[in-house]
Amino acid sequence: MNTTPNTEATEKKSLNFIEQMIENDLKEGKNGGKVQTRFPPEPNGYLHIGHAKAIALDFGVAEQYGGVCNLRMDDTNPQKEDTEYVEAIKRDIEWLGFKWGDILYASDYFQQLWDLAVELIKRGKAYVDEQSAEEIAAQKGTPTQPGQNSPYRDRPVEESLRLFEEMNSGNVEPGKMVLRAKIDMASDNMHFRDPIMYRVLNMPHWRTGSKWNAYPMYDYTHGQCDYWEGVTHSLCTLEFVAHRPLYDLFVDWAKEVAGDDKPLDDNRPRQTEFNKLNLTHILLSKRNLLVLVQEGIVNGWDDPRMPTISGFRRRGYSPEGILAFINKIGYTKFDALNQMSLFESALREDLNKRALRVSAVVDPVKLVITNFPEDATEVYTAINNPENEADGTHEIEFSRELWIEREDFMEDAPKKFFRLGPGKQVRLKNSYIIQCPEENCCKKDADGNIVEIYAELIPETKTGEANANMKIKGKTIHWVSCRHCIEAEVRNYDRLWLVENPRDEVANYSKEHDNVRGIEAMRPFLNPDSLQVRKAYVEKWLTTRKPLDYLQFQRIGYYNVDLDSTPDHLVFNKTVGLRDTK
RNA sequence: UGAGACAUGGUGUAAUGGUAGCACAUCUGAUUUUGGAUCAGACAGCUCAGGUUCGAAUCCCGAUGGCUCAACCA
63 MNTTPNTEAT EKKSLNFIEQ MIENDLKEGK NGGKVQTRFP PEPNGYLHIG HAKAIALDFG
123 VAEQYGGVCN LRMDDTNPQK EDTEYVEAIK RDIEWLGFKW GDILYASDYF QQLWDLAVEL
183 IKRGKAYVDE QSAEEIAAQK GTPTQPGQNS PYRDRPVEES LRLFEEMNSG NVEPGKMVLR
243 AKIDMASDNM HFRDPIMYRV LNMPHWRTGS KWNAYPMYDY THGQCDYWEG VTHSLCTLEF
303 VAHRPLYDLF VDWAKEVAGD DKPLDDNRPR QTEFNKLNLT HILLSKRNLL VLVQEGIVNG
363 WDDPRMPTIS GFRRRGYSPE GILAFINKIG YTKFDALNQM SLFESALRED LNKRALRVSA
423 VVDPVKLVIT NFPEDATEVY TAINNPENEA DGTHEIEFSR ELWIEREDFM EDAPKKFFRL
483 GPGKQVRLKN SYIIQCPEEN CCKKDADGNI VEIYAELIPE TKTGEANANM KIKGKTIHWV
543 SCRHCIEAEV RNYDRLWLVE NPRDEVANYS KEHDNVRGIE AMRPFLNPDS LQVRKAYVEK
603 WLTTRKPLDY LQFQRIGYYN VDLDSTPDHL VFNKTVGLRD TK
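Residue numbering for the first sequence follows my numbering, starting at 63 and increasing by one per position.
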């Protein structure tokens, strides 16, 4: 047997604090040794990279510890939600490679939540408040000052019971009544100052129709849904830390009403919070993303510049690359700002393994091989992916007139320029070594722009030929044959935001400018040139590629085939550039 | 001026009272039919001040710093 340690197999990956907690719980036999999680998006927008971090954790630990993760739509606010988003959410989770147990909806629990609320009123733990939103807010106090009790706080139970029924009748105007939990108006925790459990909306819900007019709030809903479903670990982001005592309290009340007297650590979900994802040069908030869509700054939720899962998919980011990045940044309680360069590095690492190599000339200038016959064609075999032989090969054509990148030629080049110029030699990828003449190596138009470059091929320098290994100073450059290539549309993307931390910049700008909101607060930081459309010449073989296929335009960057691309009109998105160490 | 959570190289993250390690970024060099990839190397860190301990990034106590909380949103 081979006894040398296999570092990859024996290396123990350190567990994050949530995995450690779960392993501890398992060891102690909490919740009967079961692990169950849930991913609870509100269907009011598209999932973004921040959600991917939560998804990777919720689904990841469930799988890791033999449990289930359900997908639960947090649909308690029919004003903002839409079935369009439900479909998009499901598609994005599947694309990332995760499987849910059941698809559940908070609205499935509306009756149960209502019945529980009635019971809580009976037990003196909730009351109907008839004050306006302004009055309630004014009574709430501030973090440093205690609040005051509502005049309705001690109204008779029967009265609250009757009014609560009325709240759902459709006859109460929104804003006239709410159901509040009776807790502690002087608590240091603002969420304990008699939080609102139900509000009147008087609008139909896309799932329950017109059955309900009063709808439960998040805080009153989430813990009980977790409890009723058998969730053991309710994972969410750090801004919910202050909600946790309330989460626990409502779960306790639900257990009490249900007569559930199992020990404290059994049969109860527990909320644990981790840091939300922040990325440089990216803004993640559904509200702001929605503004970008509505203002036409981007072309929809799946615009390749959007930090949404669907935007990344369209841009050519692979699920494996996204997940690898999420794995690298980890889960902690520190409010970190992650660098885009780490994300791009994870993406490149993955794309390098799967992208097929092709030639595309983005800023073309004509190169004439003066010693190659005018109507001849040579056909070469190009390796699809040097990192993976199984990806095979494809054919490319060579002829007398080629397109090369304009920047690969310089008439008077500096010393370190190892590409084409008078007297210089380069290798044409997959083809000959060529050399420009010392004199008259290019033709210019009246304005002095180079329109044609001339070079001679050096015989027997193709792969496998006698002089193939000839040492030259020049680099290898890519090309396409003028006669055989096709024109394509290339969409290059630059960052959407000019500043490193748009979240803070937008917020500060708003504060300093009369609290301007929406697009006006964002515009100063938006890059006006985030989308650059170019014409390019690409090899004909690309007509065989399908939308979303991963490609590498050699020496330029990773690209993919856009959703709009057809064989008659090829469209490519720049995913990310190659690492560039000039 | 209240409460809560947090603080380790430029960035992110390990360490669970016992040699501060990894990745990205940056910089060298080798190699290369992609200025990619690959390989080798370098640079660089425990917020501060006390205490407990044979021993502290880790435990205790202050201080400092930014973060979160006052939606009939989630």
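Glycine included, every Cβ here is placed at the ideal spot set by N, Cα and C. The structure displayed is predicted, hence computed values, not measured ones.
Per DSSP, reduced to three states, the secondary structure at Trp268 is coil, with no helix or strand assignment. Under the three-pair Cβ rule at 8 Å, the region 614 to 623 does not count as touching the region 586 to 595. In its chain, beyond the 5 residues on either side, Lys92, Asn93 and Gly94 have a beta carbon closer than 8 Å to the beta carbon of Asp328. The continuous beta strand (DSSP E) containing Arg419 extends over residues Leu418 to Val420.
In this structure Glu291 does not touch Leu88 by the C-beta definition: roughly 19 Å separates them, more than the 8 Å allowed. In its own chain, leaving out the 5 sequence neighbours on each side, no residue places its CB closer than 7 Å to the CB of Gly122. Within the DSSP secondary-structure output, Ile258 pairs in a beta bridge with Arg242. With 16 or more other Cβ atoms from the protein chains shown falling within 10 Å of its own Cβ, Asp137 counts as buried. Of all C-beta pairs linking the region 375 to 386 to the region 560 to 571, fewer than three are shorter than 8 Å, placing the two stretches out of contact. Around the beta carbon of Gly536, 16 or more other beta carbons sit within 10 angstroms, so the residue counts as buried.
Under DSSP, Cys298 shares a beta bridge with Glu335. Between Leu109 and Thr370, the gap from beta carbon to beta carbon is short of 8 Å. Here Ala124 is buried. Its C-beta has 16 or more other C-beta atoms within 10 Å. In the three-state scheme derived from DSSP, where H, G and I count as helix and E and B as strand, Ser572 is classed as helix. The Cβ atoms of His305 and Asp281 sit closer than 8 Å to each other. Judged by beta-carbon spacing, Thr439 lies beyond the 8 Å limit of Lys491, meaning their Cβ atoms are not closer than that value. Here the C-alpha atom of Lys478 lies approximately 51 Å from the C-alpha atom of Gly107. Shown here for Arg134: same chain residues with a beta carbon closer than 6 Å to its own, the five before and five after excluded, namely Arg100, Pro102 and Leu166 in chain order. Our two residues, Ile496 and Gly580, have alpha carbons roughly 56 Å apart in a direct line. Between the region 172 to 192 and the region 141 to 157, the count of Cβ pairs shorter than 8 Å is below three; the stretches do not touch. Membership of Arg557 in any alpha helix (DSSP H) is not indicated, and neither H nor E is assigned to it by DSSP. Taking one beta carbon from each stretch, the region 398 to 410 and the region 333 to 346 have 3 or more pairs nearer than 8 Å; the two touch.
A direct Cα-to-Cα measurement between Pro609 and Asp624 gives close to 5 Å. The region 418 to 432 and the region 540 to 547 touch, with three or more beta-carbon pairs separated by less than 8 Å.
With contacts defined as CB atoms closer than 8 Å, Leu519 and Ile431 qualify as a contacting pair. Only residues of its own chain outside the window of five on either side were considered, and among them Pro208 have a CB closer than 6 Å to the CB of Ala248, listed in chain order. Ranking Arg410, Leu399, Ala417 and Tyr277 by CA distance to the CA of Leu346 puts Leu399 first. If you look at Tyr621, you'll find it in the beta strand (DSSP E) that goes Gly619 to Val623. Going by C-alpha positions, Pro140 is about 19 Å away from Ala195. Contact between the region 447 to 458 and the region 472 to 489 is absent: fewer than 3 CB-CB pairs across the two stretches fall below 8 Å.
In its chain, beyond the 5 residues on either side, Asp281, Ala304, His305, Pro307 and Leu308 have a beta carbon closer than 8 Å to the beta carbon of His253.
Under the three-state reduction of DSSP output, Ile431 falls in the strand class. Between the beta-carbon of Val355 and that of Gly362 there is about 6 Å, and that keeps the pair under the 8 Å contact cut. Just measuring C-alpha positions, the residue of Leu77, Ala550 and Tyr277 sitting nearest Lys142 is Tyr277.
The bridge partners DSSP lists for Gly159 come to none.
Distance between Leu175 and Ala168, taken at the CA atoms: about 10 Å.
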